[in-house]
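K.L.:
In the working numbering, the protein residues as written are 15 to 283.
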């Protein structure tokens, strides 16, 4: 029976991957033109302020923070490192399942939006170099074109038409606001200075990670806004719906009782 949760998450992951592949092939017939001389598509791409590697770390960072938070909370009462590590891992593993379940669904929405809107990035002309951009009338709509840039591969040309909405912004906001709402629920009666300071810092990080996509000419401002809204809604769902009042309280308290320890903090998400 213990294998059932693992099998469930493996099947869910396979389902999401198959959905990604299906969306990719279904979207091959989606094509979007451009307005000749559109200045919003004529920018030069800059190096990513938030690289993909840093974004992956950003996505996993909540669990480093939550683990330290839970460990310090439990250790303050148990004074046993081995016991505190075990209980902290039990709670964080529970949160991890729900966090990444919603993150997978969120990115499914992101990919679907990118595939079916085919919105051009600000550096579209630079990356694609459509054949009709040099001999068209300014202000006219060009529906049919071919990318002529031989210096970039096919994947980058396709990616140049996947601007809406920002996956970076969605991930940054989702990760930061999950922690914000988690500590708000868990530490409602704690310091009126420290907690708001941490939450404000996380909001600034989410804003910086999102707005950097505009400065890097990777997205338009409305792509970032839409991604941020999706990340905000998803983080609320993950924290208040998936995790609300469902942490393994009984198991943790039973282990504490068996260990003859007194555990004061209430486990709330």
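Backbone N, C-alpha and C fix where the C-beta goes; we use that ideal spot for every residue, glycine too.
#1: Among 25, 136, 35 and 39, whose alpha-carbon lies nearest the alpha-carbon of residue 54?
#2: Figure out for me which residue from 38, 76 and 111 has the closest Cα to the Cα of residue 26.
#3: By DSSP, does residue 76 sit in helix, in strand, or in coil?
#4: Given this structure, state the Cα-to-Cα distance separating residue 129 from residue 83, to the nearest angstrom.
#5: Taking just the CA atoms, how far does residue 140 sit from residue 57?
#6: To which residues of the same chain is residue 240 closer than 6 Å at the C-beta, ignoring the five residues directly before and after it?
#7: Mind checking who residue 336 pairs with in its DSSP beta bridge?
#8: Decide if the stretch 214 to 224 is in contact with the stretch 158 to 170; the criterion is three or more beta carbon pairs, one per stretch, under 8 Å apart.
#9: Express the C-alpha separation of residue 94 and residue 24 in angstroms, rounding to a whole number.
#10: Run the CB neighbour count on residue 45, radius 10 Å, all protein chains shown included, and call it buried at 16 or more, exposed below.
#11: Just how far apart, CA to CA, sit residue 121 and residue 49?
#12: Would you identify the three-state DSSP class for residue 156, choosing helix, strand or coil?
#13: Per the DSSP calculation, residue 48 is bridged to which residue(s)?
#14: Under 7 Å between the Cβ atoms of residue 182 and residue 132?
#15: Any idea if residue 155 is buried or exposed, counting beta-carbon neighbours within 10 angstroms, 16 or more meaning buried?
#16: Starting from residue 254, follow the alpha helix (DSSP H) in both directions and report where the run begins and ends.
#17: In the structure shown, what three-state DSSP assignment does residue 33 receive?
#18: Check each candidate in 256, 33 and 51 and name the one with the smallest Cα separation from residue 151.
#19: When burial is assigned at 16 or more other CB atoms within 10 Å of the CB, is residue 244 buried or exposed?
#20: Is it true that the stretch 232 to 239 meets the stretch 187 to 196, where meeting means three or more beta-carbon pairs spaced less than 8 Å apart?
#21: Mapping DSSP to helix, strand and coil, what is residue 57?
#22: In three-state DSSP terms, what is residue 167?
#23: Do you know offhand how far residue 89's Cα is from residue 98's?
#24: Is the shortest distance between the beta-carbon of residue 79 and the beta-carbons of chain B less than 7 Å?
P.N.:
This is what the structure holds:
#1: Of the candidates 25, 136, 35 and 39, the one whose C-alpha sits nearest the C-alpha of residue 54 is 136.
#2: It is 111 whose Cα lies nearest to the Cα of residue 26.
#3: In this structure, residue 76 counts as helix in the three-state DSSP scheme.
#4: Near 39 Å, if we compare the C-alpha coordinates of residue 83 and residue 129.
#5: Cα-Cα distance, rounded: 7 Å.
#6: The beta carbon of residue 240 sits closer than 6 Å to those of 179, all from its chain and outside the five residues before and after it, given in chain order.
#7: The chain is shown from 15 up to 283; residue 336 falls before or after that span and cannot be answered.
#8: Result no; under three Cβ-Cβ pairs closer than 8 Å.
#9: The C-alpha of residue 94 is placed about 34 Å away from the C-alpha of residue 24.
#10: Within a 10 Å sphere around the beta-carbon of residue 45 sit fewer than 16 other beta-carbons, which makes this residue exposed.
#11: Residue 49 has its alpha-carbon roughly 29 Å from the corresponding atom of residue 121.
#12: If DSSP states are grouped into helix, strand and coil, residue 156 belongs with the strands.
#13: The beta-bridge partner set that DSSP reports for residue 48 consists of 156.
#14: No, Cβ-Cβ distance for residue 182 and residue 132 is not below 7 Å.
#15: Per the 10 Å Cβ criterion, exposed.
#16: No alpha helix (DSSP H) holds residue 254; DSSP gives it neither H nor E.
#17: It is helical.
#18: It is 51 whose Cα lies nearest to the Cα of residue 151.
#19: With 16 or more neighbouring CB atoms inside 10 Å of its own CB, residue 244 falls in the buried class.
#20: In short, these stretches do not touch, since the Cβ pair count stays below three.
#21: It is coil, neither helix nor strand.
#22: Shown here, residue 167 sits in coil according to DSSP, grouped into three states, outside any helix or strand.
#23: Taking the Cα positions, residue 89 is about 5 Å away from residue 98.
#24: Absence of chain B from the displayed structure is noted, only one protein chain being present.
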